[in-house]
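Worksheet: the structure to be examined is printed underneath.
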Amino acid sequence: MRGGAKRLVLEALGWLLVVAGIAALVLPGPGLLMLFAGLALLAREYEWARRRLDPVRLRALRGAADSVQTWPRILFSVVVALVIIGFGVLWLVGPGAPGWWPLPDSWWLLGGPWTGVTLEISGLLALALLVYSYRRFHHRPEARLELDDEINEADLER
1183 MRGGAKRLVL EALGWLLVVA GIAALVLPGP GLLMLFAGLA LLAREYEWAR RRLDPVRLRA
1243 LRGAADSVQT WPRILFSVVV ALVIIGFGVL WLVGPGAPGW WPLPDSWWLL GGPWTGVTLE
1303 ISGLLALALL VYSYRRFHHR PEARLELDDE INEADLER
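If you want it as structure tokens, here you go:
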């Protein structure tokens, strides 16, 4: 791919990931991860994205550390990820609309199989990130303190 075309594709992908990441902050999915990936791509071309990259990375790591702080949080995160995967399976199987469904059948399981694929990917990513977070932060207070120090330094620089 030529330089201009490559830049255009990477920039479009960066913006797509930023928008999807913002949406995934309130919808099922790894929002901060997608936001970070999008900013990482945009940071190649834009100073404003470069400045925001590290704070997003640090907040994502803080969220990861918080998610494995206690066993109830870990269990809740695993259950939520498995529920998301379960909904993905439902979308992929695509059963017909049940009798109690009040809307037209075309509104049942909107998006079709691709919604199921994205739910599956989101759930699997959530589980993988949970394993990563557990290995990096669970029962490792020094790793959490190091992260908190890095966040405080970044906040002072701003």
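Heads up, the sequence shown is in the working numbering, so the first residue is 1183 and it goes up one at a time.
A virtual CB, placed ideally from N, CA and C, is assigned to each residue, including glycine.
- Contact between the region 1272 to 1280 and the region 1294 to 1309 is present, with at least three C-beta pairs closer than 8 Å.
- By the neighbour-count criterion, in which a residue is buried when 16 or more other Cβ atoms sit within 10 angstroms of its Cβ, residue 1249 is buried.
- Within its own chain, the residues whose Cβ lies closer than 8 Å to the Cβ of residue 1287, once the five positions on either side in sequence are excluded, are 1278 and 1279, listed in chain order.
- Ranked by Cα distance from residue 1225, the options 1204, 1214 and 1197 are led by 1197.
- For secondary structure counted as the alpha helix (DSSP H) over 4 or more consecutive residues, the region 1233 to 1285 holds these complete runs in sequence order: 1253 to 1275.
- For residue 1326, the three-state secondary structure derived from DSSP is helix.
- Between residue 1217 and residue 1231, the gap from beta carbon to beta carbon reaches 8 Å or more.
- Residue 1203 is classed as buried because its beta carbon has at least 16 other beta carbons within 10 Å across all chains shown.
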